[in-house]
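Reviewing the structure listed below.
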Amino acid sequence: MTLIKNISGFRGTIGGENNNNLTPVDIVSSIAGFSKLIKENNPNNNLTVMTGRDGRKSGEMIQNIVNSVFSSMGINVIDAGLSTTPTLCWGVLNNDSVAGLMITASHNPQEYNGLKFFNSEGEFLSKEDVTKVIEYSKLKTYDFAPNASLGTINKYNHLIDDHIEAIINLEILPLKRIKELNLYVVADAINSGGAIALPKLLEKLNIRYKIINSEIEGVFNHTPEPLEENLKDLSQEIIKNNADFGIAVDPDVDRLVFFDENGKILGEEYTQVFCSDFVLSINNGDTVSTLSSSNALKDLTKSYGSKYYFTPVGEMNVVKKMKEVNSVVGGEGGG
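Just so you know, we're using my numbering here: the sequence shown kicks off at 8 and counts up by one.
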């Protein structure tokens, strides 16, 4: 597969020739280029980045390369190990990091892997910064740090716990009410970071659970994109166990779909709407979603007497507009 480089990150299949696949050579040049951008944007000498990975077989190998390149460029590293993309983004924002790097190919098959780049706010890089990383990754020489200025690499294995604790302490969360519902859920963790994060979160919410595809051994038990045709086992388990609902995530846990008690998938568009309905019922305000979304969120927002804004497709565009209009909730879903 041709190595793809765009605003969502770099991704490709593992092995083969450099420039055509995601090889160690491509990883080194990409992280050296990202490091150059980081140093341009942060002109001090004590910079720290955070790295994480999903459960792919190639993830640990790539993370070792990534961490070493950052160190060789004089940048300190907090290695969060197996993690989720939302957790890494939260960690960057809450641990004085100047950038983040998640090693994942999202919902792509297990032979793929990739690099997701984040700024100091835990957000995707701007189009302009991604263009710079691509340009810098093509350079023939880099200004590597001397021995005395090499960055440190420190492992931190509790970032998911920290993130969940922050979620549990959100003022908007009706924690007592959730705990009293005595819910039971079946979740498909697709053999990746969700197998770590979901049990911890559900236990904090006092929700009984069964996790399927919970083994993290570098192999995905089914095609990882959380679509109905890939989640038939989850649907059957929901019915078999008389669960109240079901959950499916992708390997880096930045996509979420719900199933009802009959094992029927609700779809990501519904997820966006009923989560927004909950937020608006407590903290009414404006909303944001993308052009690819249906009119459901727009209609819901109007019913609350608030204003709806749309953006081009892409998480970065949603976040930018949310900040611009000070919206209370935003997201993107299929229409």
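The beta carbon of each residue, even a glycine, is placed where N, CA and C say it ideally should be.
Exposure of residue i, with buried meaning 16 or more beta-carbon neighbours within 10 Å
i	result
H114	buried
G19	buried
K328	buried
T9	exposed
N154	exposed
E178	exposed
I21	buried
D150	exposed
T148	exposed
V256	buried
Cβ pair residue i, residue j closer than 7 Å
i	j	result
V137	I38	no
L122	G16	yes
G340	E276	yes
S127	T55	no
D261	T92	yes
N83	G158	yes
G253	L263	no
I197	N220	yes
I272	F281	no
N290	Y311	no
I110	I69	yes
Same chain, Cβ closer than 6 Å to residue i, five either side skipped, listed in chain order
i	result
M323	F131
A250	Y191, V192, V193
V336	S283, V286, T294
A112	R18, Y119, N120, G121
N333	none
Top-ranked residue by Cα proximity to residue i, from the options
i	options	result
R63	T9, D259, D195, V105	D259
K186	F125, I167, L209, T111	L209
L89	K309, R60, N26	R60
S296	D267, F265, K330	K330
G6	T58, M80, S133	Residue 6 is absent from the structure shown; the chain starts at 8 and stops at 342.
L146	E47, G40, L307, N302	G40
A152	A173, G81, N213, L180	G81
L44	A204, N161, Y143, Y316	Y143
E67	L182, E236, K162	K162
Other residues of its chain near residue i: CB distance less than 8 Å, five sequence neighbours each side excluded
i	result
G23	T30
G117	For the sequence presented, residue 117 should be read as Gln rather than Gly. Result list for Q117: R63, K64, G225, V226, F227, P231, in chain order.
Cβ neighbours of residue i in the same chain (closer than 7 Å, five flanking residues each side left out)
i	result
N52	none
K211	I171, I175
Y207	A small correction: the amino acid at residue 207 is Lys; Tyr does not occupy that position in the sequence shown. Contacts found: I167, D168, I171.
P319	T297, L298
A303	E276, V280
Residue i Cβ short of 6 Å to the ligand FMN heavy atom set
i	result
L212	Ligands in the displayed structure: none, and consequently the ligand FMN is not present.
Item to complete: Entirely within the stretch 52-117 and at least 3 residues each: give me those beta strand (DSSP E) ranges in chain order.
Response: 55-60, 83-89, 106-110
Fill in: Continuous alpha helix (DSSP H) assignments of at least 4 residues falling wholly in the stretch 122-187
134-143, 166-175, 182-187
Item to complete: Enumerate, from N- to C-terminal direction, the unbroken alpha helix (DSSP H) stretches of 4 or more residues contained entirely within the stretch 181-264.
Response: 182-187, 201-211, 239-247
Worksheet item: Which runs of the beta strand (DSSP E), 3 residues or longer, sit entirely within the stretch 11-35?
Response: 11-13, 16-20
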